[in-house]
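As structure tokens, the structure follows; a few thoughts come after it.
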Amino acid sequence: MIELRSDTFTLPTKEMLEEVNPNYLGDDIYGEDSYVLELERKAAEIFDKEASLLFPSGTMANLTAIMAHSPRGSKVIVGNESDIYIYEAGGASVCGGIIYEPINTQEDGRLLIQDIERAIPLNKEDPQFSLPSLICIENPHNRMGGRILPLTYLKEMSEYARSKELPIHMDGARIFNASQALNVEPRVIAEHVDSLQFCLSKGLSAPIGSMLVGNKDFILNARRIRKMLGGGMRQAGIIAKPGIVALNSMVSRLKKDHENAKKLGVGLSKIPGIECNVEKIETNIVFFRVIDERYSLIEFIKLAKYNNLNIDELGYGRIRAVTHSGIDSEDIEQALTIIKRIMN
Ligand SMILES: *Cc1c(COP(=O)(O)O)cnc(C)c1O
Numbered sequence: 010m011i012e013l014r015s016d017t018f019t020l021p022t023k024e025m026l027e028e029v030n031p032n033y034l035g036d037d038i039y040g041e042d043s044y045v046l047e048l049e050r051k052a053a054e055i056f057d058k059e060a061s062l063l064f065p066s067g068t069m070a071n072l073t074a075i076m077a078h079s080p081r082g083s084k085v086i087v088g089n090e091s092d093i094y095i096y097e098a099g100g101a102s103v104c105g106g107i108i109y110e111p112i113n114t115q116e117d118g119r120l121l122i123q124d125i126e127r128a129i130p131l132n133k134e135d136p137q138f139s140l141p142s143l144i145c146i147e148n149p150h151n152r153m154g155g156r157i158l159p160l161t162y163l164k165e166m167s168e169y170a171r172s173k174e175l176p177i178h179m180d181g182a183r184i185f186n187a188s189q190a191l192n193v194e195p196r197v198i199a200e201h202v203d204s205l206q207f208c209l210s211k212g213l214s215a216p217i218g219s220m221l222v223g224n225k226d227f228i229l230n231a232r233r234i235r236k237m238l239g240g241g242m243r244q245a246g247i248i249a250k251p252g253i254v255a256l257n258s259m260v261s262r263l264k265k266d267h268e269n270a271k272k273l274g275v276g277l278s279k280i281p282g283i284e285c286n287v288e289k290i291e292t293n294i295v296f297f298r299v300i301d302e303r304y305s306l307i308e309f310i311k312l313a314k315y316n317n318l319n320i321d322e323l324g325y326g327r328i329r330a331v332t333h334s335g336i337d338s339e340d341i342e343q344a345l346t347i348i349k350r351i352m353n
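Under the working numbering, the first residue of the sequence shown carries the number 10, and numbering increases by one thereafter.
Here it is, written out as structure tokens:
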């Protein structure tokens with residue numbers, strides 16, 4: 010099976026599963042697991058932030074970040090196509106008593122400052138209004154096709170947020186895809202935001218885990234919230250160890266995923282009955298459409314699966330294909346052959 014539904018299907022490398030030294034494990038609620046401490050040090054250093062915290066999932070890391078930044082009754086400004094708004098079960102409202110204010114998302118994943126401006130009450134003393142406490146942005150943007158937020162935009166956004174005294178949280182689930190594609194150090198992106206979440210379990214291919222980075226006070230607060238949410242883990246080194254290997258050895262290879270995504274897009278754009286805008290492919294996510302009337306979206310996806318190609322729909326009639334460490338250039342050729350055969 011050629012698995013292109015998501016980069017979360019990546020399996021850990023052998024090295025990730027080898028040699029967990031039990032002597033390095035400890036109770037992380039006591040702060041005594043050496044692997045976790047090493048991973049958290051490493052993540053903070055990579056993003057040039059004071060501290061970092063390991064989470065079982067990106068969802069919990071985002072929720073914790075929102076709760077750490079935002080008091081009850083305040084509102085968090087989010088993109089209407091963001092993972093935080095769409096795929097995280099409304100956690101900030103349920104657990105934090107926080108309102109989501111969804112903002113229209115541009116095709117390239119940006120939230121326009123003028124749109125955010127409208128979510129900020131002119132008179133903060135007017136007791137009718139819930140007050141904004143945080144701006145969340147997503148980079149790269151999943152539902153906008155893995156698009157990368159430009160650095161100039163981030164600078165503008167951070168200046169704006171500072172002028173409004175609002176912190177910025179970046180949902181950087183695939184942040185290393187962005188830094189690799191832009192050819193910059195991750196800290197060059199992170200310098201514009203107060204906190205950032207990234208996943209170890211996507212393109213980096215670790216089995217479990219996400220990291221939250223930010224300043225010391227923020228992470229101290231986040232640590233308590235994580236415990237409250239049930240995310241305090243004991244010998245968490247068994248997931249931190251693969252995370253360390255992921256950061257050491259799985260980052261630079263993401264460029265291959267981007268090449269494969271481009272290759273897939275170019276191939277798809279040449280198949281009659283398929284529509285794919287290659288110019289929009291910036292990282293490892295490819296969106297395309299079937300415009301052949303013989304197939305409905307669901308039928309096409311089923312047929313592909315029957316032919317050993319797993320892809321999925323992502324709303325608005327789009328199909329998403331995601332490249333990752335389990336996919337090589339030959340798999341892409343084979344995927345294209347399968348789709349050509351279906352469209353014949
Ligand atoms: C996957 C993802 C998350 C959530 O991560 P989980 O570990 O699946 O909870 C958050 N944001 C974005 C953009 C993602 O792609």
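All C-beta atoms, glycine included, are put in the ideal place defined by N, C-alpha and C. Computed from a predicted structure; not experimentally measured.
To the nearest angstrom, report how far apart residue i and residue j are at their CA atoms.
{"i": "S204", "j": "M179", "result": "6 Å"}
{"i": "I310", "j": "N269", "result": "20 Å"}
{"i": "M361", "j": "E147", "result": "The structure shown has nothing for residue 361, since the chain only spans 10 to 353."}
{"i": "S15", "j": "A330", "result": "7 Å"}
{"i": "L323", "j": "L72", "result": "23 Å"}
{"i": "G326", "j": "V299", "result": "8 Å"}
{"i": "N293", "j": "E194", "result": "18 Å"}
{"i": "M352", "j": "C145", "result": "40 Å"}
{"i": "Y304", "j": "I217", "result": "37 Å"}
{"i": "E200", "j": "D57", "result": "8 Å"}
{"i": "A190", "j": "K279", "result": "24 Å"}
{"i": "L175", "j": "D92", "result": "20 Å"}
{"i": "L163", "j": "Q206", "result": "16 Å"}
{"i": "I247", "j": "L209", "result": "13 Å"}
{"i": "E302", "j": "V275", "result": "22 Å"}
Which same chain residues, not among the five before or five after residue i, have their C-beta less than 8 Å away from its C-beta?
{"i": "A245", "result": "D37, D42, Y44, V45, L63"}
{"i": "Y94", "result": "V87, G88, Y109, P111"}
Within its chain, find whatever has a CB closer than 6 Å to the CB of residue i; leave out the 5 residues flanking it on each side and keep chain order.
{"i": "A52", "result": "S61, M220, V222"}
{"i": "L318", "result": "I11, A344, I347"}
{"i": "T114", "result": "G88, N89, E90"}
With hydrogens ignored, establish whether the beta-carbon of residue i is closer than 6 Å to any heavy atom of ligand 1.
{"i": "C357", "result": "Within the shown structure, residues of the chain are numbered from 10 to 353, placing residue 357 beyond reach of any answer."}
{"i": "T332", "result": "no"}
{"i": "N151", "result": "yes"}
{"i": "D301", "result": "no"}
{"i": "G241", "result": "no"}
{"i": "S66", "result": "yes"}
{"i": "C208", "result": "yes"}
{"i": "D180", "result": "yes"}
{"i": "D92", "result": "yes"}
Start and end of the alpha helix (DSSP H) containing residue i?
{"i": "K271", "result": "263-278"}
Ignore the nearest five residues each way along the sequence and tell me which others in residue i's own chain have a CB closer than 7 Å to its CB.
{"i": "L48", "result": "L63, A249, G252, I253"}
Please list the terminal residues of the continuous beta strand (DSSP E) segment that includes residue i.
{"i": "D180", "result": "177-180"}
{"i": "K84", "result": "84-88"}
>> Assess contact between the region 115-132 and the region 65-78, defined as three or more Cβ pairs (one per stretch) separated by less than 8 Å. Is contact present?
In response: no
> Is there contact here, the region 130-144 with the region 74-84, by at least three beta-carbon pairs under 8 Å?
Replying inline: yes
>> Contact between the region 225-237 and the region 93-100 is defined here as three or more beta-carbon pairs at a separation below 8 Å; is this criterion met?
In response: no
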